[in-house]
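**Student:**
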Amino acid sequence: QFIVLHIGRFTEQKNHKMLIESFKIVNDNYPQSVLLLVGDGELLAEAKQMVNTLELSSKVYFLGLRTDIPEIINMADVFVLTSKWEGFGLVNIEAMAAGKPIVATEVGGVPELVDDGKTGFLVKSGHTDGLAEKILNIIQNSELQKTFSKNASIRAKMFDIRQTVIEYQNLYLKKNLGR
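Numbering-wise (our numbering), the sequence shown opens with residue 36 and increments by one.
(1) Let me know the beta strand (DSSP E) ranges lying completely inside the stretch 139-206, each 3 residues or longer, listed in chain order.
(2) Per DSSP, what kind of secondary structure is F123 in: helix, strand or coil?
(3) For L54, which of K209, Y207, M85, G144 has the nearest alpha-carbon?
(4) Is it buried or exposed for T154, if we count other Cβ within 10 angstroms and need 16 for buried?
(5) Consult DSSP for L54 and reduce its assignment to one of helix, strand or coil.
(6) Using a 10 Å radius around the Cβ and a threshold of 16 neighbouring Cβ atoms, would you call N62 buried or exposed?
(7) Three-state secondary structure (DSSP) at L208?
Structure follows, in C-alpha coordinates:
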(Lines of atoms letter the chains of each structure in order from A; the text may use other names.)
(Lines give C-alpha, C1' and ligand atoms only; values in the text may rest on other atoms or scores of the structure.)
Protein backbone atom coordinates (compact mmCIF):
# COMPACT_ATOMS: atom_id res chain seq x y z
CA GLN A 36 0.00 0.00 0.00
CA PHE A 37 0.97 3.60 -0.57
CA ILE A 38 -0.26 5.78 2.28
CA VAL A 39 -1.30 9.37 1.64
CA LEU A 40 -1.76 11.41 4.82
CA HIS A 41 -3.56 14.64 5.60
CA ILE A 42 -3.82 16.22 9.03
CA GLY A 43 -6.15 19.15 9.54
CA ARG A 44 -9.52 20.40 10.69
CA PHE A 45 -12.47 19.64 8.45
CA THR A 46 -13.14 23.25 7.48
CA GLU A 47 -13.45 25.21 4.24
CA GLN A 48 -9.85 26.41 4.65
CA LYS A 49 -8.34 22.91 4.53
CA ASN A 50 -10.17 22.03 1.28
CA HIS A 51 -10.86 18.35 1.83
CA LYS A 52 -13.05 18.43 -1.28
CA MET A 53 -9.98 18.99 -3.47
CA LEU A 54 -8.06 16.33 -1.58
CA ILE A 55 -10.74 13.66 -1.87
CA GLU A 56 -11.38 14.40 -5.56
CA SER A 57 -7.64 14.19 -6.23
CA PHE A 58 -7.35 10.98 -4.26
CA LYS A 59 -10.09 9.45 -6.43
CA ILE A 60 -7.85 10.05 -9.47
CA VAL A 61 -4.84 8.68 -7.60
CA ASN A 62 -6.70 5.57 -6.51
CA ASP A 63 -8.11 4.97 -9.99
CA ASN A 64 -4.53 4.91 -11.27
CA TYR A 65 -2.95 3.19 -8.27
CA PRO A 66 -5.55 1.06 -6.44
CA GLN A 67 -3.06 0.12 -3.70
CA SER A 68 -3.20 3.67 -2.37
CA VAL A 69 -5.03 4.65 0.82
CA LEU A 70 -5.82 8.02 2.33
CA LEU A 71 -5.61 8.71 6.06
CA LEU A 72 -7.49 11.77 7.30
CA VAL A 73 -6.73 13.03 10.80
CA GLY A 74 -8.90 15.69 12.39
CA ASP A 75 -12.43 16.78 13.20
CA GLY A 76 -14.59 19.72 12.29
CA GLU A 77 -17.85 21.03 10.94
CA LEU A 78 -17.31 19.57 7.43
CA LEU A 79 -16.47 16.04 8.57
CA ALA A 80 -19.90 14.62 7.69
CA GLU A 81 -19.71 16.25 4.25
CA ALA A 82 -16.28 14.70 3.64
CA LYS A 83 -17.55 11.27 4.67
CA GLN A 84 -20.53 11.62 2.32
CA MET A 85 -18.19 12.57 -0.52
CA VAL A 86 -16.03 9.51 0.15
CA ASN A 87 -19.15 7.30 0.01
CA THR A 88 -20.40 8.94 -3.18
CA LEU A 89 -17.03 8.42 -4.88
CA GLU A 90 -17.00 4.78 -3.68
CA LEU A 91 -13.79 5.25 -1.72
CA SER A 92 -15.02 3.94 1.64
CA SER A 93 -12.56 1.05 1.63
CA LYS A 94 -9.65 3.37 0.73
CA VAL A 95 -10.17 6.44 2.93
CA TYR A 96 -9.85 6.20 6.70
CA PHE A 97 -11.13 8.90 9.03
CA LEU A 98 -8.93 8.71 12.14
CA GLY A 99 -10.49 11.56 14.12
CA LEU A 100 -8.55 13.60 16.65
CA ARG A 101 -5.34 11.84 17.66
CA THR A 102 -2.56 12.17 20.18
CA ASP A 103 -0.19 9.82 18.30
CA ILE A 104 0.58 12.15 15.39
CA PRO A 105 4.31 11.27 15.13
CA GLU A 106 3.45 7.58 14.78
CA ILE A 107 0.81 8.32 12.13
CA ILE A 108 3.21 10.54 10.17
CA ASN A 109 5.79 7.75 10.26
CA MET A 110 3.28 5.37 8.65
CA ALA A 111 2.73 7.68 5.67
CA ASP A 112 4.51 7.65 2.33
CA VAL A 113 3.53 11.21 1.42
CA PHE A 114 1.96 14.11 3.29
CA VAL A 115 -0.61 16.27 1.52
CA LEU A 116 -1.89 19.71 2.52
CA THR A 117 -4.63 21.21 0.31
CA SER A 118 -5.40 24.45 2.11
CA LYS A 119 -7.08 27.33 0.31
CA TRP A 120 -5.14 29.66 2.60
CA GLU A 121 -2.52 28.94 5.23
CA GLY A 122 -0.34 30.99 7.52
CA PHE A 123 2.70 28.80 7.96
CA GLY A 124 1.58 25.16 7.89
CA LEU A 125 3.53 23.82 10.87
CA VAL A 126 2.27 20.32 10.12
CA ASN A 127 4.34 20.40 6.92
CA ILE A 128 7.49 20.85 9.01
CA GLU A 129 6.49 17.94 11.24
CA ALA A 130 6.03 15.70 8.21
CA MET A 131 9.26 16.93 6.61
CA ALA A 132 11.17 16.30 9.86
CA ALA A 133 9.97 12.70 9.60
CA GLY A 134 11.37 12.55 6.05
CA LYS A 135 8.04 12.63 4.25
CA PRO A 136 7.69 14.12 0.77
CA ILE A 137 5.11 16.90 0.70
CA VAL A 138 2.49 17.77 -1.89
CA ALA A 139 0.85 21.04 -0.90
CA THR A 140 -1.06 23.95 -2.31
CA GLU A 141 0.97 27.03 -3.10
CA VAL A 142 -0.66 29.35 -0.57
CA GLY A 143 0.44 31.63 2.27
CA GLY A 144 3.73 30.64 3.87
CA VAL A 145 3.75 27.11 2.45
CA PRO A 146 6.19 27.93 -0.41
CA GLU A 147 8.68 29.08 2.23
CA LEU A 148 8.58 25.57 3.72
CA VAL A 149 8.16 23.27 0.74
CA ASP A 150 10.94 23.63 -1.82
CA ASP A 151 9.09 22.73 -5.02
CA GLY A 152 10.83 19.91 -6.86
CA LYS A 153 13.27 19.29 -3.99
CA THR A 154 11.27 18.40 -0.86
CA GLY A 155 7.99 17.78 -2.63
CA PHE A 156 5.64 19.53 -4.99
CA LEU A 157 3.55 22.68 -4.85
CA VAL A 158 0.29 22.97 -6.80
CA LYS A 159 -2.18 25.77 -7.35
CA SER A 160 -5.10 25.76 -4.94
CA GLY A 161 -8.11 24.13 -6.55
CA HIS A 162 -6.02 22.32 -9.19
CA THR A 163 -7.36 18.84 -8.49
CA ASP A 164 -5.75 17.14 -11.49
CA GLY A 165 -2.39 18.73 -10.72
CA LEU A 166 -2.50 17.50 -7.14
CA ALA A 167 -3.30 13.96 -8.27
CA GLU A 168 -0.53 14.09 -10.88
CA LYS A 169 2.07 15.12 -8.31
CA ILE A 170 1.04 12.41 -5.84
CA LEU A 171 1.19 9.84 -8.65
CA ASN A 172 4.67 11.11 -9.63
CA ILE A 173 5.87 10.29 -6.14
CA ILE A 174 4.11 6.91 -6.08
CA GLN A 175 5.57 5.88 -9.43
CA ASN A 176 9.13 7.08 -8.85
CA SER A 177 10.80 5.52 -5.82
CA GLU A 178 14.04 7.45 -6.45
CA LEU A 179 12.13 10.73 -6.43
CA GLN A 180 10.43 9.66 -3.21
CA LYS A 181 13.81 8.89 -1.60
CA THR A 182 15.31 12.19 -2.77
CA PHE A 183 12.34 14.21 -1.50
CA SER A 184 12.42 12.33 1.80
CA LYS A 185 16.10 13.07 2.35
CA ASN A 186 15.78 16.72 1.31
CA ALA A 187 12.64 17.21 3.41
CA SER A 188 14.38 15.94 6.52
CA ILE A 189 17.32 18.29 5.94
CA ARG A 190 15.10 21.30 5.16
CA ALA A 191 12.98 20.78 8.28
CA LYS A 192 16.09 21.34 10.41
CA MET A 193 16.16 24.95 9.15
CA PHE A 194 12.94 25.52 11.08
CA ASP A 195 14.03 23.83 14.30
CA ILE A 196 13.57 26.22 17.23
CA ARG A 197 17.07 25.41 18.51
CA GLN A 198 18.55 26.47 15.18
CA THR A 199 16.50 29.68 15.26
CA VAL A 200 17.77 30.49 18.75
CA ILE A 201 21.38 29.96 17.62
CA GLU A 202 20.85 32.24 14.62
CA TYR A 203 19.36 34.96 16.82
CA GLN A 204 22.24 34.63 19.28
CA ASN A 205 24.77 34.92 16.47
CA LEU A 206 22.98 37.93 15.05
CA TYR A 207 22.85 39.59 18.47
CA LEU A 208 26.53 38.88 19.18
CA LYS A 209 27.57 40.14 15.76
CA LYS A 210 25.58 43.35 16.22
CA ASN A 211 27.00 43.96 19.71
CA LEU A 212 30.59 43.14 18.71
CA GLY A 213 30.33 45.43 15.72
CA ARG A 214 29.69 48.55 17.86
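We treat Cβ as the ideally placed atom computed from N, Cα and C, and that holds for glycine.
**Tutor:** With the structure as the only source:
(1) 155-158
(2) Taking the first residue of the sequence shown as 1, we reach residue 123 at position 88. Coil.
(3) As a first step, residue 54 is located in the sequence shown; it is residue number 19 there, counting from the start. Among K209, Y207, M85, G144, the Cα nearest to that of L54 is on M85.
(4) As a first step, residue 154 must be located in the sequence shown, where it is residue number 119. Per the 10 Å Cβ criterion, buried.
(5) Within the sequence shown, residue 54 is the residue found at index 19, counting from 1. Looking at L54 - three-state DSSP - the assignment turns out to be helix.
(6) In the sequence shown, counting from the first residue as 1, residue 62 sits at position 27. When all chains shown are included, N62 counts as buried.
(7) On the sequence shown, position 173 is the one that residue 208 refers to. The answer is helix: DSSP assigns L208 an H, G or I state.
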